[in-house]
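Position one of the sequence shown corresponds to residue -8 (the numbering used here), numbered consecutively onward.
Glycine included, every Cβ here is placed at the ideal spot set by N, Cα and C.
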Amino acid sequence: MKKNRVIALLVGITIATTVSNIYANANFKVRNIRGSSEEISTQINKDAFRKSEEAILINDESDIDSISATPLAYLKNAPIITTEWKRIDSKTTKYIKDSGIKKITIIGGLKNVSKTVEVKLNKLGIETNRIYGADRYETAIKIANEIKKESKQKSDEVIIISSTAGIENSIAITDFACKNNIPILWGDDNNLDPIIKYVRNKKFKKVYAIGDGERFKYYAKEGIKNVKLIKEINPYDTNMKYITDLYKGKRLDTIYTINIDYGNKGDISQYLSLPVAAAKQNIPILICNENFSHNQERFIEKNVTEIIEVGQEVGKYSIWNTFKSASFIKAMILLVVIIIIIVRGMKIAI
């Protein structure tokens, strides 16, 4: 009997926590940007960069490189354009012509963007150059060097993102990085030495280290002076604090929303062009899961009149949507496992 009460109490607390925050969805205008990765990229860039002399070109699967390239693109006032490895979309080349782009920096080697694509751009009269390294970590360092070389306003800050951090954290920090001219590096949790050495050599005065891994936090704190450890965002509060801090005192009529799976396996291929475009437009990106959380809908009601929904739809907050969401189902499975462990422990104790 006592065991049954414990189980009922645990389940009851969880369900009560989930359903007590019933919230009526606010009224707001929604605009959608849909299509393939290249089509979404082109539409985003048309909205934010009608005319530009330069652009960044990146493989539509190179999500890590695109994050590192975002502050450089912002510095150059350049859109990030996505392409397949061997073929560049006709709508993309039309956008390049129409926007007056004369120079394109390709991020990645020939395994990322083929020589065929580069030759096609050259035939259009576009000057091309490449930035790439042996891996994502070295590529990020080379992009950081380019930022320092091109920037008139020198920055003594840098961001390091853990290799095990959820991909949502990288999108959350891009607006701050762009506005403050801060390079974004990636730290291999199994070997932070190259990044630590680079940061020391460049004498950065402030380092933001994003990640929850114990190994990452330990070596970042031990190896780098003036480091500020930043926790990863979660699916409930998401990146709203980043937004409110960065746009404090400013009116937020419009936001972008994106729907991604939280974690380092999340797919952001639809959104590679978005962070630099959003930073240029001064429109924050609200990072969502399948449905708005209660906190997100409260935030929207207070601040937003228009949502630009990029890629997959984000569902309204409701009890039913909460119950049927993948994140809730995973949480319930975890709860059941915990209950089983508790019950087995109680049996042993008895």
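Any 3 or more C-beta pairs closer than 8 Å across the segment 199 to 214 and the segment 258 to 275: Put simply, the segment 199 to 214 does not touch the segment 258 to 275. Fewer than three CB pairs are less than 8 Å apart.
Simplified DSSP assignment, three categories, for Ala64: Secondary structure at Ala64: helix, using DSSP grouped into helix, strand and coil.
Cβ distance (whole Å) where Trp76 is taken to contact Val104 below 8 Å: Rounded, the Cβ-Cβ distance is 7 Å, consistent with contact.
Simplified DSSP assignment, three categories, for Glu148: DSSP places Glu148 in strand when its eight states are reduced to three.
Beta bridge counterpart(s) of Thr248 as assigned by DSSP: BP columns for Thr248 point to Leu277, Glu300.
Separation of Asn286 from Tyr189, as counted between CA atoms: Straight-line Cα distance between these residues: approximately 39 Å.
Gly240, buried or exposed, once every other Cβ within 10 Å from all chains shown has been counted against 16: Exposed, by the Cβ-count rule.
Cβ contact check for the segment 204 to 217 and the segment 134 to 144: 3 or more pairs under 8 Å: A contact between stretches requires three or more CB pairs, one per stretch, nearer than 8 Å, and the segment 204 to 217 fails this requirement with the segment 134 to 144.
Cβ neighbour criterion (16 or more within 10 Å) applied to Ala163: Buried, because 16 or more other Cβ atoms sit within 10 Å of the Cβ of Ala163.
Cβ-based burial, Thr235 [other Cβ within 10 Å; buried from 16]: So Thr235 counts as exposed.
C-alpha gap between Ile278 and Val218, whole angstroms: Take the alpha-carbon of Ile278 and the one of Val218: they are about 26 Å apart.
Beta bridge counterpart(s) of Asp51 as assigned by DSSP: Asp51 is not bridged to any residue.
Contiguous beta strand (DSSP E) assignments of at least 3 residues, all confined to the segment 206 to 238: If you keep only unbroken beta strand (DSSP E) runs of at least 3 residues inside the segment 206 to 238, you get 218 to 221.
Buried versus exposed, by CB contacts within 10 Å (16 or more), Glu29: It is buried - the Cβ of Glu29 has at least 16 other Cβ atoms within 10 Å.
Per-residue burial, Ser57 [other beta carbons within 10 Å of its own, 16 or more giving buried]: Buried: at least 16 other Cβ atoms inside 10 Å.
Which residues DSSP lists as bridging Trp177, in chain order: Per DSSP, Ile152.
Sequence-distant residues of the same chain with beta carbon closer than 6 Å to Asp38, five excluded per side: Answer for Asp38: no residue qualifies.
Reduced DSSP category for Asn294 - H, G, I as helix; E, B as strand; rest coil: The answer is helix: DSSP assigns Asn294 an H, G or I state.
When Asp252, Phe283, Lys145, Ile249 are compared against Tyr227, the one with the closest alpha-carbon: Measuring from the Cα of Tyr227, the nearest candidate turns out to be Phe283.
Alpha-carbon spacing of Ile118 relative to Phe19, whole angstroms: In the sequence on display, residue 118 carries Glu and not Ile. In a straight line, the C-alpha of Glu118 is about 43 Å away from that of Phe19.
Outcome for Glu44 when other beta-carbon atoms lying within 10 angstroms are tallied against a minimum of 16: Exposed: under 16 other Cβ atoms inside 10 Å.
Which of helix, strand or coil DSSP assigns to Gly306: In the structure shown, the three-state DSSP call for Gly306 is strand.
Those residues which DSSP pairs with Ala200 across a bridge: Answer is Ile151, Leu220.
Of the residues Gly178, Ile87, Lys88, the one placed nearest Thr130, counting alpha carbons only: Ranking the options by Cα distance to Thr130, first place goes to Gly178.
Extent of the continuous alpha helix (DSSP H) run through Val345: For residue 345 there is no data in the structure shown, the boundaries of the chain being -8 and 341.
Cα-Cα separation, Gln303 to Thr245: Computed Cα separation, rounded: 18 Å.
Same chain, Cβ closer than 8 Å to Leu237, five either side skipped, listed in chain order: Asp166, Phe167, Lys170, Pro275, listed in sequence order.
For Asn266, the nearest candidate out of Glu281, Ile249, Lys293 (CA to CA): What sits at residue 266 in the sequence shown is Pro, not Asn. Checking every option, the nearest Cα to that of Pro266 belongs to Ile249.
Separation of Asn172 from Ser146, as counted between CA atoms: Going by the C-alpha atoms only, they are around 6 Å apart.
Distance CB(Glu60)-CB(Ile134) smaller than 8 Å: In the sequence as presented, Glu is not what sits at residue 60; that position holds Ala. Result yes, Cβ atoms of Ala60 and Ile134 sit closer than 8 Å.
Simplified DSSP state of Ala125, which is helix, strand or coil: DSSP places Ala125 in the coil class of the three-state scheme, outside both helix and strand.
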